[in-house]
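Before any comments, here is the structure.
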Amino acid sequence: MFHRLPSAAAEIVTISVDGRPVAARKGDSVAAAMLAAGIVQNRTTPVSAAPRGPYCMMGVCFECLVMIDGIGSRQGCMTLVADGMVVETQLGKREPGR
Amino acid sequence: MTDQIAPHYDVVVVGGGPAGLAAATLTARAGLKTALFDEQPGPGGQIYRAITQTPLQSRSVLGGDYWRGQILVDDFLASKAAYVPNTTVWSVSRNREIGVSSAGKARMVTAQRIILATGAQERPFPVPGWTLPGVMTAGAAQILLKSFGLAPQRPVVLAGCGPLLWLLAWQMQNAGAVVDAILDTTPRANWMRALPHLPAFLTSPYFLKGLKLMLGVRRRVRVISEVVDLAAEGDGRVEAVTYSTASGRIARLPAETLLLHQGVTPNVNLAMSIGIPHRWSDEQACWEPELDADGNTAIEGIMIAGDGGGIIGARAAEERGRLAALGTIRALKGQTAAAGAGDAELIRHRLRRQISGRAFLDRLYRPAAQFRRPRGDTIVCRCEEVTARQVMTTAALGCTGPNQMKAFSRCGMGPCQGRLCGLTVTELLAEAHGITPERVGYYRLRAPIKPITLGELAQLPTDDAAMKAVIRT
């Protein structure tokens, strides 16, 4: 979906997305790291279960919501990756309490 | 950073773009205890985003106008202003209590004066299929380029109108990323309205830069003009974009990525949640706060600077930031201190020069009615999946305003808090009832304007008075 252009050297960290290891560049947001790994869908909507991916990348649209380290509906574009971070896509209806 | 947040400041600036950086630099230099809160990990706002940390190795990719932001950032970082990044302001009250959240911890901060410099967001672009993964804003692609050195996979189609569309195409070209097509939705009729303002534009700083940029892009990218209809198609993600032109040509382009843009509008959520009065701007088809020449709002001690006060562009935003700072210094330290902090006349002169081309650009790039007021099954509220037809049907039932619309349909009640449907709903209701958008009004916005967890709220430090207020005796 997105590819990396020649970039300055950076530390590589590994996050897990739905149990799959994803290599990210330190300084990536979660949403950016997912797009670079070819993951286009962050969640499905709570209304009709339609697929959604990041739209604005600046904290406005709330489309890139994912579960991060057990907390649901975090903005993927506003959260920086950290080594060992556990990310899960959000499917279907909202789960109160998470 | 949280531990470095003091409970009280003379001046709090919200937002680290050009207006916020320029304002905080001046107030701090004048000896006022200043803090700048910003959601991003680095200074610069969206326009100079990642200027201190972009992974892109060639400076020529983003261009000279981008790197000019370095002066602003260097001056700010050299000032005594406390810089608090990665921090969300989720509430501001009329008596200037500011709710901030940093590193998972919320706290309240007070300030004698507040300068809101929350900038702009992209205007909603409701077309069929705009919710499909792979459809993003042009700004999103620009952020991915600046902050993370990422470029979209081909085929890439850009669609819409406005300077940012051309700037993005130019920057992508510089980065070696291919743009396959640009679907230009600028309505031909706009030229007639823009022409009287052409002389001012020709002598403005925008003209030569813009011309160079557009010619550079047009040499290498297929540009399709006068696009009057647009839809994204695909199964589970965007695969193609269909369009028709004013001359009646209908065509379909394959697209792995579709980047939409039809201008930017003030980010009004924080200002409106405080109760700052806004008025409808017909030229820019959006809400703007009511401000005096310095940037004072109707609420004592709260000012607005930059694009959040009406779209003016980065260089003008910087000058508005300086004017707000001088107004702040005058209020807290007197006229002599303000005069010593900067030459207001010179700043106003530069501001006038920077905005001299705006009238032309605003009229030329005013988005077409069909892209502001969609029809049929096109989704208006992305969060709650409310369509244009549902909005119009609800209006026909007698629903007069956006707040009643919430009760009928949940339109505007999702996590984005109306940011991507509010303008559309206001304009649709105005059309349905034959009244002005000003009379229709906007969603009643309330804090928290950004999500914070209940745990964070519950752990806010409280004093005795606050405890007693909720204890039944």
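Going line by line, the protein sequences match chains A and B.
Just so we're aligned: 2 in my numbering is position 2 of the first sequence, and the numbers increase by one with no gaps anywhere.
Just so we're aligned: 466 in my numbering is position 466 of the second sequence, and the numbers increase by one with no gaps anywhere.
Just so you know, even glycine gets a beta-carbon here, dropped at the ideal spot from N, CA and C.
Chain B within 8 Å of residue i, Cβ atoms only
i	result
residue 21/A	no
residue 45/A	yes
residue 67/A	no
residue 7/A	yes
residue 10/A	yes
residue 81/A	no
residue 91/A	no
residue 84/A	no
residue 36/A	yes
residue 60/A	yes
residue 28/A	yes
residue 87/A	no
residue 50/A	yes
Test: residue i CB closer than 8 Å to a CB of chain A
i	result
residue 4/B	no
residue 87/B	no
residue 131/B	yes
residue 439/B	no
residue 136/B	yes
residue 140/B	yes
residue 18/B	no
residue 254/B	no
residue 161/B	no
residue 175/B	yes
residue 1/B	Its pLDDT being 41, under 50, residue 1/B is placed unreliably in this model, and the coordinates cannot settle the point.
residue 122/B	yes
residue 143/B	yes
residue 237/B	yes
Contacting residues, own chain, Cβ-Cβ under 6 Å from residue i (five flanking each side not counted)
i	result
residue 178/B	154
residue 283/B	362
residue 1/A	35, 38, 40
residue 448/B	90, 91
residue 375/B	388
Cutoff 8 Å; reference residue i; Cβ partners in own chain excluding five residues on either side
i	result
residue 1/B	Summary for residue 1/B: the model assigns pLDDT 41, below 50, so the residue's position carries little reliability, and this model does not support an answer.
residue 76/A	29, 30, 31, 34, 42, 54, 64, 65, 66, 68, 87
residue 17/B	44, 45, 46, 47, 48, 117, 119, 306, 307, 314, 317
residue 14/A	21, 22, 23, 24, 83, 84
residue 384/B	409, 410, 411, 412, 413, 414
Supposed contact pair residue j and residue i - C-beta distance, whole angstroms, cut 8 Å
i	j	result
residue 169/B	residue 364/B	Not really, about 17 Å apart at Cβ, beyond 8 Å.
residue 432/B	residue 395/B	4 Å
residue 454/B	residue 124/B	No, residue 454/B and residue 124/B are not in contact; Cβ-Cβ is about 30 Å, not under 8 Å.
residue 326/B	residue 344/B	5 Å
residue 254/B	residue 287/B	The pair is not a contact, with the Cβ atoms about 38 Å apart (cut-off 8 Å).
residue 227/B	residue 245/B	6 Å
Alpha-carbon spacing of residue i relative to residue j, whole angstroms
i	j	result
residue 233/B	residue 260/B	14 Å
residue 61/A	residue 132/B	13 Å
residue 73/A	residue 89/A	9 Å
residue 386/B	residue 403/B	14 Å
residue 77/B	residue 24/B	10 Å
residue 409/B	residue 390/B	8 Å
residue 107/B	residue 466/B	14 Å
residue 382/B	residue 319/B	35 Å
residue 152/B	residue 461/B	45 Å
residue 162/B	residue 274/B	31 Å
residue 315/B	residue 50/A	41 Å
residue 10/B	residue 27/B	9 Å
residue 99/B	residue 276/B	17 Å
residue 258/B	residue 126/B	13 Å
residue 81/A	residue 15/B	22 Å
residue 138/B	residue 80/B	35 Å
residue 39/B	residue 250/B	43 Å
residue 457/B	residue 204/B	48 Å
residue 134/B	residue 450/B	25 Å
residue 46/A	residue 64/B	44 Å
residue 214/B	residue 62/B	15 Å
residue 416/B	residue 264/B	17 Å
residue 241/B	residue 210/B	27 Å
Neighbourhood of residue i by C-beta distance below 7 Å, restricted to the same chain and skipping five residues each side
i	result
residue 291/B	297, 304, 309
residue 18/A	88, 89
residue 437/B	280, 426, 427, 430
| said: Restricting to runs no shorter than 4 residues, where is the alpha helix (DSSP H) found entirely within the stretch 306–347 of chain B? | reply: 314–333, 335–341
| request: Taking only runs that begin and end inside the stretch 46–100 of chain B, name each unbroken alpha helix (DSSP H) of 4 or more residues, in chain order. | output: 64–67, 69–78
| message | Quick check for students: name the residue ranges of the alpha helix (DSSP H) that lie wholly in the stretch 360–386 of chain B, counting only runs of 4 or more. | response | 369–372
| request: Tell me the start and end of each unbroken alpha helix (DSSP H) in the stretch 236–312 of chain B that is at least 4 residues and wholly inside, in chain order. | output: 269–274
| Of all the alpha helix (DSSP H) runs that stay within the bounds of the stretch 5–38 of chain B, which reach a length of 4 or more residues? | 18–29
| Whole alpha helix (DSSP H) runs in the stretch 125–163 of chain B with 4 or more residues, listed along the chain? | 138–148
| said: Please identify, using Cβ separations under 7 Å, the residues of the stretch 28–44 of chain B that lie next to chain D, in order along the chain. | reply: No chain D is present in this structure, whose protein chains are A and B.
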